[in-house]
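K.L.:
Below is the structure I would like to discuss, written out as structure tokens.
Number of protein chains: 4
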Amino acid sequence: MNDVADWWQTAIIDMEPGRIELRGTPIQDLIGNLSFAEMIWLMVRGDRPSDAQARLFEAALVSAVDHGPQAPSIAAARMAVTCGLPLNNAMATAVNMLGDIHGGAGEQAVELYHQVKASPLGTEAALDIWTSERGKIIPGFGHRFHSPTDPRAPRLMEMVSEAVANGACEGAFATVGREIEETLARRKGRPIPMNIDGATAVIYAELGFEPPLARGLFCLSRSVGILAHAWEQQQQGGRNKGPTPPKYRWTYTGP
Amino acid sequence: MNDVADWWQTAIIDMEPGRIELRGTPIQDLIGNLSFAEMIWLMVRGDRPSDAQARLFEAALVSAVDHGPQAPSIAAARMAVTCGLPLNNAMATAVNMLGDIHGGAGEQAVELYHQVKASPLGTEAALDIWTSERGKIIPGFGHRFHSPTDPRAPRLMEMVSEAVANGACEGAFATVGREIEETLARRKGRPIPMNIDGATAVIYAELGFEPPLARGLFCLSRSVGILAHAWEQQQQGGRNKGPTPPKYRWTYTGP
Amino acid sequence: MNDVADWWQTAIIDMEPGRIELRGTPIQDLIGNLSFAEMIWLMVRGDRPSDAQARLFEAALVSAVDHGPQAPSIAAARMAVTCGLPLNNAMATAVNMLGDIHGGAGEQAVELYHQVKASPLGTEAALDIWTSERGKIIPGFGHRFHSPTDPRAPRLMEMVSEAVANGACEGAFATVGREIEETLARRKGRPIPMNIDGATAVIYAELGFEPPLARGLFCLSRSVGILAHAWEQQQQGGRNKGPTPPKYRWTYTGP
Amino acid sequence: MNDVADWWQTAIIDMEPGRIELRGTPIQDLIGNLSFAEMIWLMVRGDRPSDAQARLFEAALVSAVDHGPQAPSIAAARMAVTCGLPLNNAMATAVNMLGDIHGGAGEQAVELYHQVKASPLGTEAALDIWTSERGKIIPGFGHRFHSPTDPRAPRLMEMVSEAVANGACEGAFATVGREIEETLARRKGRPIPMNIDGATAVIYAELGFEPPLARGLFCLSRSVGILAHAWEQQQQGGRNKGPTPPKYRWTYTGP
Numbered sequence: 001m002n003d004v005a006d007w008w009q010t011a012i013i014d015m016e017p018g019r020i021e022l023r024g025t026p027i028q029d030l031i032g033n034l035s036f037a038e039m040i041w042l043m044v045r046g047d048r049p050s051d052a053q054a055r056l057f058e059a060a061l062v063s064a065v066d067h068g069p070q071a072p073s074i075a076a077a078r079m080a081v082t083c084g085l086p087l088n089n090a091m092a093t094a095v096n097m098l099g100d101i102h103g104g105a106g107e108q109a110v111e112l113y114h115q116v117k118a119s120p121l122g123t124e125a126a127l128d129i130w131t132s133e134r135g136k137i138i139p140g141f142g143h144r145f146h147s148p149t150d151p152r153a154p155r156l157m158e159m160v161s162e163a164v165a166n167g168a169c170e171g172a173f174a175t176v177g178r179e180i181e182e183t184l185a186r187r188k189g190r191p192i193p194m195n196i197d198g199a200t201a202v203i204y205a206e207l208g209f210e211p212p213l214a215r216g217l218f219c220l221s222r223s224v225g226i227l228a229h230a231w232e233q234q235q236q237g238g239r240n241k242g243p244t245p246p247k248y249r250w251t252y253t254g255p
Numbered sequence: 001m002n003d004v005a006d007w008w009q010t011a012i013i014d015m016e017p018g019r020i021e022l023r024g025t026p027i028q029d030l031i032g033n034l035s036f037a038e039m040i041w042l043m044v045r046g047d048r049p050s051d052a053q054a055r056l057f058e059a060a061l062v063s064a065v066d067h068g069p070q071a072p073s074i075a076a077a078r079m080a081v082t083c084g085l086p087l088n089n090a091m092a093t094a095v096n097m098l099g100d101i102h103g104g105a106g107e108q109a110v111e112l113y114h115q116v117k118a119s120p121l122g123t124e125a126a127l128d129i130w131t132s133e134r135g136k137i138i139p140g141f142g143h144r145f146h147s148p149t150d151p152r153a154p155r156l157m158e159m160v161s162e163a164v165a166n167g168a169c170e171g172a173f174a175t176v177g178r179e180i181e182e183t184l185a186r187r188k189g190r191p192i193p194m195n196i197d198g199a200t201a202v203i204y205a206e207l208g209f210e211p212p213l214a215r216g217l218f219c220l221s222r223s224v225g226i227l228a229h230a231w232e233q234q235q236q237g238g239r240n241k242g243p244t245p246p247k248y249r250w251t252y253t254g255p
Numbered sequence: 001m002n003d004v005a006d007w008w009q010t011a012i013i014d015m016e017p018g019r020i021e022l023r024g025t026p027i028q029d030l031i032g033n034l035s036f037a038e039m040i041w042l043m044v045r046g047d048r049p050s051d052a053q054a055r056l057f058e059a060a061l062v063s064a065v066d067h068g069p070q071a072p073s074i075a076a077a078r079m080a081v082t083c084g085l086p087l088n089n090a091m092a093t094a095v096n097m098l099g100d101i102h103g104g105a106g107e108q109a110v111e112l113y114h115q116v117k118a119s120p121l122g123t124e125a126a127l128d129i130w131t132s133e134r135g136k137i138i139p140g141f142g143h144r145f146h147s148p149t150d151p152r153a154p155r156l157m158e159m160v161s162e163a164v165a166n167g168a169c170e171g172a173f174a175t176v177g178r179e180i181e182e183t184l185a186r187r188k189g190r191p192i193p194m195n196i197d198g199a200t201a202v203i204y205a206e207l208g209f210e211p212p213l214a215r216g217l218f219c220l221s222r223s224v225g226i227l228a229h230a231w232e233q234q235q236q237g238g239r240n241k242g243p244t245p246p247k248y249r250w251t252y253t254g255p
Numbered sequence: 001m002n003d004v005a006d007w008w009q010t011a012i013i014d015m016e017p018g019r020i021e022l023r024g025t026p027i028q029d030l031i032g033n034l035s036f037a038e039m040i041w042l043m044v045r046g047d048r049p050s051d052a053q054a055r056l057f058e059a060a061l062v063s064a065v066d067h068g069p070q071a072p073s074i075a076a077a078r079m080a081v082t083c084g085l086p087l088n089n090a091m092a093t094a095v096n097m098l099g100d101i102h103g104g105a106g107e108q109a110v111e112l113y114h115q116v117k118a119s120p121l122g123t124e125a126a127l128d129i130w131t132s133e134r135g136k137i138i139p140g141f142g143h144r145f146h147s148p149t150d151p152r153a154p155r156l157m158e159m160v161s162e163a164v165a166n167g168a169c170e171g172a173f174a175t176v177g178r179e180i181e182e183t184l185a186r187r188k189g190r191p192i193p194m195n196i197d198g199a200t201a202v203i204y205a206e207l208g209f210e211p212p213l214a215r216g217l218f219c220l221s222r223s224v225g226i227l228a229h230a231w232e233q234q235q236q237g238g239r240n241k242g243p244t245p246p247k248y249r250w251t252y253t254g255p
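Residue numbers (UniProt numbering), protein chains in the order written: chain A, 1 to 255; chain B, 1 to 255; chain C, 1 to 255; chain D, 1 to 255.
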């Protein structure tokens, strides 16, 4: 019997009939006493944030909820609803799309920050090593749409500065982020400003989240916009809506 | 050109380079000023909750985050990670499972409450109509594991009472829920207490959320536990873990 | 121990180290002796088709593989690839979209045929009952794009006639389908011809497949087009491609 | 208008009302004339296989349809059905799980074969390079369950030999596969035989499929077993079935 019960092991939840404990605390003592953001922190890490940490964490979660129906994930949620899917399946379809290219920049930026911070060679050389190993895209900097500035990044960095002043975090990753930004501007001869992924990555790194969690937390955050758009589409109706109006269809390139 | 831009329409987000407005407010004015729970409310509804409404809403979101690796959704997240999926795909796999039976009870309970509340025939007769149309399962009441009481429900209902006292909601759906509970107990000769789906459905109905959103918000809430378990599994390792230890496999029932 | 091994039960597969039997036959005796279509039949039903049945079954599978990037499922597969998803996740994202509206028409048409066939009141009355219970859309007839005729349906019905002549099936559901077509034409004063879902539903019903399998087999068939488009997109490249060219975005309808 | 129509481009399908052409042939000329396996080949590659190529291709597709409810994908399909998901969503949930570890071995094995074949240093050295770059697992060889021999592999390799004799393929990748098998046996002092992924990878490589298609085609093949198991579970019933019988639950490892 033990080998069966041992097959799945977790330090997150303990349970018997009438008792549910999450990270060691009965669920009824969490309900009403923790904010949703604090509960997220508790669940993924096992400890609780200070008020100042929770405030910074919450800012990151709030910032990334939506980027409109042009984003493949949001578009997928809306299309899925017009195919008759209920909200859980529409949300799953959309979250599934948050892959390396659509949802992975935050994770990659945290990795970049750690690599630059740990390098004894300085930011310039560390960036060169990154580029030689991982390609020319520097995750977290520049934005193909929000030019020159992604409005979310400066606001988030302002909150990081406030958090450093409050002692909620040290600021070492904020410094790394700013150094990368300066280096890129110098190299390109024009600003390549930090975008939302770069800024949330600073926050997640400052707060001690491992790189993969930057992606996981982005998925939680974007799930909010996904739900909002799926629900709006459900109210609008529409059946089997493809990406573009039907008359445009696509271009055939075959023989 | 207009027919293309008109193909997708939304009142949720407006955008141009350097500007993102969500529900009419620039994103930089939301970051740091709204809690994550308030942001969820704003995104799916377009207005903002009062403090007392936000407190009640947050309690519902906190209560449903996890029910352990025995739940198909949590198990799926953990199995997906051992198949090599990154967190976005593992989360999607799990959220996809929150279908009518696993994630739909809250939505069905809100529908039930509305139907009972609107019935001129009283709770008894309204329950009979529900059963004749929708089957013998009364969504939101009884729990196959937490017997006699799901510890989340009484705590949530306590918070509803507090919210009624504060004027955050009217209490009409709480009354309906309690009447259903009493009716079921009388009929069965033993308590069939409200469970978490019944209690969160009271909250979502009190706060004016449409039934499908009870499922959507449950998906958001459970996504937290899904992320926590997926991440824990990623740290544990394990390759290609099936549901049970390999030696048990399954029972072959064919010829 | 038995309760664990009994938790999952199947008549499909039996296995021990070095032995795999599918539906009672060692896998090595199936490889090279069954076509892929025959294997599909064996797996979902447990028996083997005659050659004439296999030929008809294969026609249905071949007919539904693709309907272009305007279909939400195919679009989703291509978008998913530009988000960095590997083929398994891109395929899953697309198949997930084959819900009641996008992938359910075949299943609904099989249900309709059974209901009409079983009705003692005749096709006219049976159609009225269907409409009153299930809404005005008659699954399997008419096509918003292929007007007047979906080229796949006449070819499939030609093969059904051939199969009836060969004794591969009886033709009762083909008759039902044609009666519905005639009734609709008479009512509307113009042809509402059978479409691919109506024609494959005739085939699946003739061959004795239950209604849900019409959807399941459509998912298998469409998975072929999904894979082809996902792979083509992977070769084309493209990063984070939304539904329309970026400059069109969407129409904001809020305040 | 052109930029919209050009947004999605494909050489797979051309269409206008009443006309559907796949890879340049009207769909009605494909129905009844191509087997399902030949249609798969045509869709993903654009050309048609010879009879001998089709026979070998079909063997690979048939061989991988199922490995029982212990496989995470099959388990996920069955669990999904007990959560109330229709077949399309259950199939998607399962196919999603065919990630690098569960569904990627075939793709990796094709990469390995190409790398070994292209290496001027010989199989021994090429294997060392693979291990140093990609880790100690040699994809396609050894099986944790089927010991000593996966019964699918020898049968598939027999068919490759037959195909080489028929001129359907050259046999160069079969030779590479056998050399790897011999090298591993010599190094370990015991047989580490080719498994199903190694054998299907030989076939896909011999037939000229790119590595990612080995995964994509495996997803198509396994979708058959996924559908069969999902449908069987739907007929069995069961609500919210977790991985193990409820009484075993899991082991709590927290404080």
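Each residue gets a CB set at the ideal place from its N, CA and C atoms; glycine is no exception.
1) In the region 11–28 of chain B, which residues sit with their C-beta less than 7 Å from some C-beta in chain D, listed in chain order?
2) Under a Cβ-count criterion, where at least 16 other Cβ atoms within 10 Å of its own Cβ denotes burial, should residue 2 of chain A be classed as buried or exposed?
3) Just list the alpha helix (DSSP H) runs in the region 151–214 of chain A, keeping only unbroken ones of 4 residues or longer that don't cross its boundaries, in chain order.
4) How would you label residue 148 of chain B, buried or exposed, when you count the other beta carbons within 10 angstroms and need 16 or more for buried?
5) Does any CB atom of chain C fall closer than 9 Å to the CB of residue 5 of chain B?
6) Give the residues from the region 83–95 of chain D that approach chain B closer than 8 Å (Cβ to any Cβ), ordered along the chain.
7) When you compare only the Cα positions, how much space is there between residue 133 of chain D and residue 48 of chain C?
8) Examine chain C for any beta-carbon lying closer than 9 Å to the beta-carbon of residue 143 of chain A, and answer yes or no.
9) So is residue 181 of chain C buried or exposed if we call it buried at 16+ other beta carbons inside 10 Å?
10) On the DSSP letters alone, give me the boundaries of the beta strand (DSSP E) that residue 14 of chain B sits inside.
11) With 8 Å as the limit, tell me which residues of the region 103–118 of chain C have their beta carbon closer than that to any beta carbon of chain A; keep them in chain order.
12) When you compare only the Cα positions, how much space is there between residue 129 of chain C and residue 255 of chain A?
13) List the residues of chain D whose Cβ lies closer than 9 Å to the Cβ of residue 222 of chain B, in chain order.
14) Using 8 Å for Cβ pairs, my map puts residue 37 of chain D next to residue 61 of chain D. What's the rounded Cβ distance?
15) Pick out whichever of D:69, D:238, D:225 and D:214 has its Cα sitting closest to the Cα of residue 217 of chain C.
16) Mind listing the chain A neighbours of residue 250 of chain C? Cutoff is C-beta to C-beta under 7 Å, in chain order.
17) On the three-state DSSP scale, how would you describe residue 70 of chain D?
18) Between which two residues does the beta strand (DSSP E) carrying residue 19 of chain B extend?
19) Using three-state DSSP, classify residue 145 of chain A as helix, strand or coil.
20) In the region 150–168 of chain D, which residues sit with their C-beta less than 9 Å from some C-beta in chain C, listed in chain order?
21) Provide the residue(s) that pair with residue 252 of chain A in DSSP beta bridges, ordered along the chain.
22) How would you list, in chain order, the residues of chain A whose beta-carbon sits under 9 Å from the beta-carbon of residue 254 of chain D?
23) Can you find a C-beta in chain A that's less than 9 Å from the C-beta of residue 1 of chain D?
24) Less than 6 Å between C-beta atoms, sequence neighbours within five positions excluded: which residues of the same chain meet that for residue 174 of chain B?
25) Can you pull the chain B residues whose beta carbon is under 7 Å from the beta carbon of residue 59 of chain A, in chain order?
26) Measuring only between beta-carbons, confirm whether residue 75 of chain C sits less than 9 Å from chain A.
27) Taking 8 Å as the threshold, find out whether the region 191–201 of chain A comes into contact with the region 139–148 of chain A through three or more Cβ pairs.
28) For residue 243 of chain B, would you say it is in contact with chain C, using Cβ-to-Cβ distances shorter than 9 Å as the test?
29) Would you kindly work out how many angstroms separate the C-alpha atoms of residue 169 of chain D and residue 153 of chain D, rounded to a whole number?
30) Am I right that residue 156 of chain D and residue 31 of chain C are in contact with their C-beta atoms under 8 Å? What's the rounded C-beta distance?
31) Give me the Cα-Cα distance between residue 207 of chain D and residue 199 of chain D, rounded to the nearest whole angstrom.
32) Taking its Cβ as the centre, do 16 or more other Cβ atoms sit within 10 Å of residue 249 of chain C, making it buried, or is it exposed?
P.N.:
Checking against the coordinates, here is how it stands:
1) none
2) The residue given as residue 2 of chain A occupies position 2 in the first sequence. Exposed, because fewer than 16 other Cβ atoms sit within 10 Å of the Cβ of residue 2 of chain A.
3) Runs found: 152–165, 172–188 and 196–206.
4) Taking the second sequence and counting its residues from 1, one reaches residue 148 of chain B at position 148. With fewer than 16 Cβ atoms within 10 Å of its Cβ, residue 148 of chain B is classed as exposed.
5) As a position in the second sequence, residue 5 of chain B is number 5, starting the count at 1. Answer yes: the Cβ-Cβ gap between residue 5 of chain B and chain C drops below 9 Å somewhere.
6) Of all residues in the region 83–95 of chain D, only 83, 84, 85, 89, 92 and 93 place a beta-carbon less than 8 Å from a beta-carbon of chain B.
7) Looking up residue 133 of chain D in the fourth sequence gives position 133. Looking up residue 48 of chain C in the third sequence gives position 48. Roughly 46 Å between the two C-alpha positions.
8) In the first sequence, counting from the first residue as 1, residue 143 of chain A sits at position 143. Not closer than 9 Å to any Cβ of chain C, the Cβ of residue 143 of chain A fails to qualify, so no.
9) Against the third sequence, residue 181 of chain C aligns to sequence position 181. Buried, by the Cβ-count rule.
10) Sequence index remark: in the second sequence, residue 14 of chain B carries index 14 (1-based). From DSSP, the beta strand (DSSP E) with residue 14 of chain B extends over 13–16.
11) Only 103 and 104 from the region 103–118 of chain C bring a Cβ to less than 8 Å from some Cβ of chain A.
12) The residue you call residue 129 of chain C lines up with position 129 of the third sequence. The residue you call residue 255 of chain A lines up with position 255 of the first sequence. For residue 129 of chain C and residue 255 of chain A, the distance between alpha carbons rounds to 48 Å.
13) For the purposes of this step, residue 222 of chain B is taken as residue 222 along the second sequence, with counting starting at 1. Within chain D, no residue comes near residue 222 of chain B; the closest Cβ sits about 12 Å away, beyond 9 Å.
14) Residue numbering aside, residue 37 of chain D sits at position 37 when the fourth sequence is read from its first letter. Residue numbering aside, residue 61 of chain D sits at position 61 when the fourth sequence is read from its first letter. Confirmed, Cβ separation roughly 6 Å.
15) As a first step, residue 217 of chain C is located in the third sequence; it is residue number 217 there, counting from the start. Measuring from the Cα of residue 217 of chain C, the nearest candidate turns out to be D:225.
16) Stepping through the third sequence from its first residue, residue 250 of chain C is reached at position 250. In chain order: 68, 69 and 70.
17) Here residue 70 of chain D refers to the residue found at position 70 when the fourth sequence is read from its first residue. DSSP, read as helix, strand or coil, puts residue 70 of chain D in coil.
18) Here the question's residue 19 of chain B lines up with position 19 in the second sequence. Note, residue 19 of chain B: beta strand (DSSP E), 19–22.
19) Counting from 1 along the first sequence, the entry for residue 145 of chain A is found at position 145. Correct three-state label for residue 145 of chain A: coil.
20) 150, 151, 152, 154, 155, 156, 158, 159 and 162
21) Position 252 of the first sequence, counted from the start, is the residue given in the question as residue 252 of chain A. D:10.
22) Against the fourth sequence, residue 254 of chain D aligns to sequence position 254. Ordered by position in chain A, the residues that pass the 9 Å Cβ test against residue 254 of chain D are 10, 11, 12, 13, 14, 21, 23, 24 and 46.
23) For the purposes of this step, residue 1 of chain D is identified with residue 1 of the fourth sequence, where counting begins at 1. The predicted position of residue 1 of chain D is uncertain, since its pLDDT is 47 and thus under 50; a value taken from the coordinates is nonetheless stated next. So yes, residue 1 of chain D belongs to the interface.
24) Taking the first residue of the second sequence as position 1, residue 174 of chain B is located at position 174. The residues are 160 and 202.
25) In the first sequence, the residue the question calls residue 59 of chain A occupies position 59. Under the 7 Å cutoff, chain B gives 31 and 32.
26) Here residue 75 of chain C refers to the residue found at position 75 when the third sequence is read from its first residue. By this cut-off, residue 75 of chain C is an interface position.
27) yes
28) Position 243 of the second sequence holds residue 243 of chain B. At least one chain C Cβ lies under 9 Å of residue 243 of chain B.
29) Counting from 1 along the fourth sequence, the entry for residue 169 of chain D is found at position 169. Counting from 1 along the fourth sequence, the entry for residue 153 of chain D is found at position 153. Taking the straight line joining both Cα atoms gives about 18 Å.
30) Within the fourth sequence, the letter at position 156 stands for residue 156 of chain D. Within the third sequence, the letter at position 31 stands for residue 31 of chain C. The C-beta distance from residue 156 of chain D to residue 31 of chain C rounds to 6 Å, short enough to meet the 8 Å contact threshold.
31) Translated into the one-based positions of the fourth sequence, residue 207 of chain D becomes position 207. Translated into the one-based positions of the fourth sequence, residue 199 of chain D becomes position 199. Distance between the alpha carbons of residue 207 of chain D and residue 199 of chain D is about 13 Å.
32) Numbered from its first residue, the third sequence carries residue 249 of chain C at position 249. By the 10 Å Cβ count, residue 249 of chain C comes out buried.
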